[in-house]
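S.K.:
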Amino acid sequence: MSCQLTTDCLDEIFEHLENDKSTLHSCLLVNRLWCKTSVRILWRNIWRFKYIVYREKHPLKVASSILSTLVACLPNESKELLYKNKIFIQTPTSKPPLFNYVNFCKVLSIYEIVKLVENVLSNEPSSSVNSLSLKDRNCLVTNEIFKMLTNQISSLKKLTYDYNQFIPKFSFTYFPGAKELSELRCSSDIPSDFFYQLSQICHNLQTIFIEFRNDNVSDELKEFISLQNNLKNLTLIANISSWANIIPALTKHSNTITKLHLHGNNYNLPLSFVNLFTNLEEIMFSFDYGADFGDFENLQFANFPKLQILKFPKRYPKPEYVMKFLENNGKNLKTFYIYGSDNALSLSIADFCPNLRSLFVGINYEKTNILKTILSSCQYLESIKVWCGKSYSGEERSYLSEKEVFETIVNYSPNNFCELKIYYSSNSDFVSPVDLESFFISWKNRIPKKLLRLIINKNNNIDVNEVNKKIAEKYENLGIIKFSIEALYDDDVFYLL
Numbered sequence: 014m015s016c017q018l019t020t021d022c023l024d025e026i027f028e029h030l031e032n033d034k035s036t037l038h039s040c041l042l043v044n045r046l047w048c049k050t051s052v053r054i055l056w057r058n059i060w061r062f063k064y065i066v067y068r069e070k071h072p073l074k075v076a077s078s079i080l081s082t083l084v085a086c087l088p089n090e091s092k093e094l095l096y097k098n099k100i101f102i103q104t105p106t107s108k109p110p111l112f113n114y115v116n117f118c119k120v121l122s123i124y125e126i127v128k129l130v131e132n133v134l135s136n137e138p139s140s141s142v143n144s145l146s147l148k149d150r151n152c153l154v155t156n157e158i159f160k161m162l163t164n165q166i167s168s169l170k171k172l173t174y175d176y177n178q179f180i181p182k183f184s185f186t187y188f189p190g191a192k193e194l195s196e197l198r199c200s201s202d203i204p205s206d207f208f209y210q211l212s213q214i215c216h217n218l219q220t221i222f223i224e225f226r227n228d229n230v231s232d233e234l235k236e237f238i239s240l241q242n243n244l245k246n247l248t249l250i251a252n253i254s255s256w257a258n259i260i261p262a263l264t265k266h267s268n269t270i271t272k273l274h275l276h277g278n279n280y281n282l283p284l285s286f287v288n289l290f291t292n293l294e295e296i297m298f299s300f301d302y303g304a305d306f307g308d309f310e311n312l313q314f315a316n317f318p319k320l321q322i323l324k325f326p327k328r329y330p331k332p333e334y335v336m337k338f339l340e341n342n343g344k345n346l347k348t349f350y351i352y353g354s355d356n357a358l359s360l361s362i363a364d365f366c367p368n369l370r371s372l373f374v375g376i377n378y379e380k381t382n383i384l385k386t387i388l389s390s391c392q393y394l395e396s397i398k399v400w401c402g403k404s405y406s407g408e409e410r411s412y413l414s415e416k417e418v419f420e421t422i423v424n425y426s427p428n429n430f431c432e433l434k435i436y437y438s439s440n441s442d443f444v445s446p447v448d449l450e451s452f453f454i455s456w457k458n459r460i461p462k463k464l465l466r467l468i469i470n471k472n473n474n475i476d477v478n479e480v481n482k483k484i485a486e487k488y489e490n491l492g493i494i495k496f497s498i499e500a501l502y503d504d505d506v507f508y509l510l
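Following this line, the structure appears as structure tokens:
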């Protein structure tokens, strides 16, 4: 007797495959129910499908497939308009689409739509009978797709709008699906009527990313932010300007914002306003070398009783300021990342952050005693990421060697420790096979026994030779370690794409 899964059960299973686009794509061919369930998830964020699954494989083919499906979903008047202007985009079939694909969309990127149309039409053979320029054809197709999306998307969750001179103005008079918008990524120089239109329907935004292109912030943007009822996550980016003019609009949300990320490459960026957000659980200060931490002198005395995550993924303020900040706020920290190394600051982690689960820190050459102190004091630590080898300046030894780290981890890490990430700031040779195997043997004999994830940063040219890989594979098969070479990033650099 055959047993068929219920729709609810199938939905639950397929939700766990959201990041496995290849498998979902295979499910399209099983039957209509499986097809509909897969399509709903695949079209939730088609941009992610395009750039993650097929980043290296036939990008134009994927773009053409997405655009042809969107064109097939256009209303008849839009199709007729394209036809009259001699714009012919082949659709998957002459029949109407099986599903209302647009209705499944939860993520909308204005930039991606523009690039999608440009990439496909620029590779189409030009027609001598078409009087429109390529730019005009792109604009016409893009606008018709914009209109369809705003009319047919029933429940939009994330909207990205990075305005520049090459992107057509995106505006709407009717966009009911934006009422449930929860995340907006935008630039501050978007035409003000966009924020006015959005403020009429969207009041429950939880996450907003704003990149400041100039110091002028429109009243419409300020009003839009003020009208939100439950803003929780805030990211501000200022590389050539300042976020100073938006601060008054943020005061209403001082009790609801729990996650704050600040990215800057500019002098005199104000930081004292961070004091407003007393319920912060996560703070990131990601400042490039052109930025200034001068305002942190006052912030060092701030109190954030709920703070659990603190990150300085690039530069950091004066060590004494950070140490004072940790003294006031380190007790409840679960995650602390700081770029670079300072002996006194590293030792203060052991004094002020006893409940850490995850740590990223640089330990200077021949200072294994600092790492020992941290491991002995932070008894809940599960994961640590450390610098090894040379610094960017090319000094022969700047940080601890892998061998020093391995020996210290084996002998001093707490019982729950299970993840070691090694980060290299410049090209280096990996540890010798003898030292690597010695570490694995020592970890195997450690009590209590726990699988260790060893992750090597591949951001630079690290030579992990075949002998080391075979040794790692041997101990993986024994269930002692899990070895991988990955790109390690701790700065959620602002991507509007």
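Residues in the sequence shown are numbered consecutively from 14, following this note's numbering.
Idealized CB from N, CA, C, for every residue including glycine.
1) Taking the C-alpha atoms as reference points, what is the distance between ASN428 and ASN44?
2) Taking the alpha carbon of TYR412 as the point to measure from, which residue in ILE387, LEU388, GLU379 has its own alpha carbon closest?
3) Candidates CYS22, LEU55, SER39, THR19: which alpha carbon is nearest ASN32's?
4) Hey, out of ASP232, SER195, PRO283, whose CA is closest to LYS245's CA?
5) Among SER144, VAL130, PHE159, which residue has its Cα nearest to the Cα of LYS99?
6) Taking three-plus beta-carbon pairs below 8 Å as touching, is the stretch 168-175 in contact with the stretch 148-160?
7) Would the stretch 441-448 and the stretch 457-467 be scored as touching if the rule is three or more Cβ pairs under 8 Å?
8) By how many angstroms is the C-alpha of THR82 removed from the C-alpha of PRO110?
9) Determine the closest residue to GLU25 out of TYR488, ARG53, LEU162, with distance taken between C-alpha atoms.
10) With distance defined between alpha-carbon atoms, name the residue in LEU234, PHE183, TYR334, LEU23 nearest to GLU125.
11) Among residues of its own chain, excluding the 5 on either side of SER299, which ones have a beta-carbon nearer than 6 Å to its beta-carbon?
12) For my contact list, PHE309 and PRO330 are in at a C-beta cut-off of 8 Å; report their separation, rounded to the angstrom.
13) Check whether the Cβ atoms of LEU464 and LYS495 sit closer than 9 Å, and answer yes or no.
14) Beta-carbon within less than 7 Å of SER389's beta-carbon, same chain only, minus the 5 sequence neighbours each way: which residues are those?
15) Which residues in the same chain have their Cβ closer than 7 Å to the Cβ of CYS215, if we skip the five residues on either side of it in sequence?
16) Rank GLU340, ASN356, TYR352 by C-alpha distance to the C-alpha of THR367 and give the top, closest one.
17) Can you check which of these residues, LEU197, LYS171, GLN165, is closest to PRO189 by C-alpha distance?
18) Which of the three DSSP states, helix, strand or coil, is assigned to ALA315?
19) Would you identify the three-state DSSP class for CYS215, choosing helix, strand or coil?
20) Taking only runs of the beta strand (DSSP E) that begin and end inside the stretch 262-348, which ones reach a length of at least 3 residues, in chain order?
21) What did DSSP end up calling ASN246 once you bin it into helix, strand or coil?
22) Looking only at its own chain, which residues have a Cβ that is under 6 Å from the Cβ of LEU30, when we skip the five neighbours before and after it?
23) For GLU415, tell me which candidate among THR291, HIS274, PHE452, PHE222 has the shortest Cα-Cα distance.
24) Look at PHE208 and LEU234 and say whether their C-beta atoms are less than 9 Å apart.
25) By a C-beta neighbour count over all protein chains shown, 10 Å radius and 16 as the cutoff for buried, is ARG466 buried or exposed?
26) Quick one: residues in its chain with C-beta nearer than 6 Å to the C-beta of VAL130, no 5 flanking neighbours on either side, listed in chain order?
27) Taking only three categories from DSSP, how would you classify ARG53?
28) Cutting at 6 Å between CB atoms, please list the residues of its own chain near PHE317, excluding the five before and the five after it.
29) Have a look at ASN311, ASN356, LEU323, ASN345 and flag the residue whose alpha-carbon is nearest the alpha-carbon of PRO332.
30) Restricting to Cα atoms, I'd like to know which of GLU295, LEU289, ASN242, ASP301 is closest to LEU312.
31) Between which two residues does the alpha helix (DSSP H) harbouring SER200 extend?
32) Can you tell me which of the three DSSP states ILE351 falls into?
33) I'd like the list of long-range same chain contacts for PRO461, defined as Cβ closer than 6 Å, with 5 residues on each side in sequence excluded.
34) Since ASN113 contacts LEU73 with CB under 8 Å, what's their CB separation in whole angstroms?
35) According to DSSP, which residues form a beta bridge with GLU224?
M.R.: In this structure, then:
1) Distance from the CA of ASN428 to the CA of ASN44, rounded to the nearest whole angstrom, comes to 49 Å.
2) Measuring C-alpha to C-alpha distances from TYR412 to each of ILE387, LEU388, GLU379 identifies GLU379 as the nearest.
3) The residue with the shortest Cα to Cα distance from ASN32 is LEU55.
4) The option with the nearest alpha carbon to LYS245 is SER195.
5) Among SER144, VAL130, PHE159, the Cα nearest to that of LYS99 belongs to SER144.
6) By the Cβ rule, the stretch 168-175 does not count as touching the stretch 148-160, because fewer than three pairs are nearer than 8 Å.
7) Output reads no: the stretch 457-467 does not touch the stretch 441-448.
8) CA-to-CA, the gap between PRO110 and THR82 works out to about 8 Å.
9) Of the candidates TYR488, ARG53, LEU162, the one whose C-alpha sits nearest the C-alpha of GLU25 is ARG53.
10) Comparing Cα positions, the closest option is PHE183.
11) Correct list, in chain order: HIS276, PRO326, LYS327, ASP504.
12) That belief holds up - the Cβ atoms of PHE309 and PRO330 are roughly 4 Å apart, short of 8 Å.
13) For LEU464 and LYS495, yes; Cβs fall inside 9 Å.
14) Cβ contact annotation for SER389 (same chain, cutoff 7 Å, sequence separation greater than five): TYR425, in chain order.
15) Here CYS215 has ALA191, LYS192, LEU194 as same chain residues with Cβ atoms under 7 Å from its own Cβ, once five neighbours each way along the sequence are excluded.
16) It is Pro, not Thr, that sits at residue 367 in the sequence shown. Of all alpha-carbon atoms in GLU340, ASN356, TYR352, the one lying nearest the alpha-carbon of PRO367 is that of GLU340.
17) Among LEU197, LYS171, GLN165, the Cα nearest to that of PRO189 belongs to GLN165.
18) In the structure shown, the three-state DSSP call for ALA315 is coil.
19) DSSP, reduced to helix, strand and coil, places CYS215 outside both helices and strands of the structure shown, so it counts as coil.
20) The beta strand (DSSP E) runs of length 3 or more contained entirely in the stretch 262-348 are, from start to end of the chain, 272-277, 295-300, 322-325.
21) Reduced to three states, the DSSP call for ASN246 is strand.
22) Once the five neighbours on either side are set aside, the close Cβ partners of LEU30 are THR36, LEU37.
23) Checking every option, the nearest Cα to that of GLU415 belongs to PHE452.
24) Their beta carbons are under 9 Å apart, which means PHE208 touches LEU234 by this criterion.
25) Here ARG466 is exposed: its Cβ has fewer than 16 other Cβ atoms, across all protein chains shown, within 10 Å.
26) The beta carbon of VAL130 sits closer than 6 Å to those of ASN151, VAL154, THR155, all from its chain and outside the five residues before and after it, given in chain order.
27) The three-state secondary structure of ARG53, taken from DSSP, is helix.
28) So the qualifying residues of the chain are LEU293, ASN342.
29) Nearest C-alpha to PRO332: ASN356.
30) Out of GLU295, LEU289, ASN242, ASP301, LEU289 has the C-alpha closest to the C-alpha of LEU312.
31) Counting along the chain, SER200 falls outside any alpha helix (DSSP H), though it belongs to the beta strand (DSSP E) covering 196-200.
32) Strand at ILE351.
33) Correct list, in chain order: ASN428.
34) With a contact defined as Cβ atoms closer than 8 Å, ASN113 and LEU73 miss out at about 26 Å.
35) Its beta-bridge partners are SER200, ILE250.
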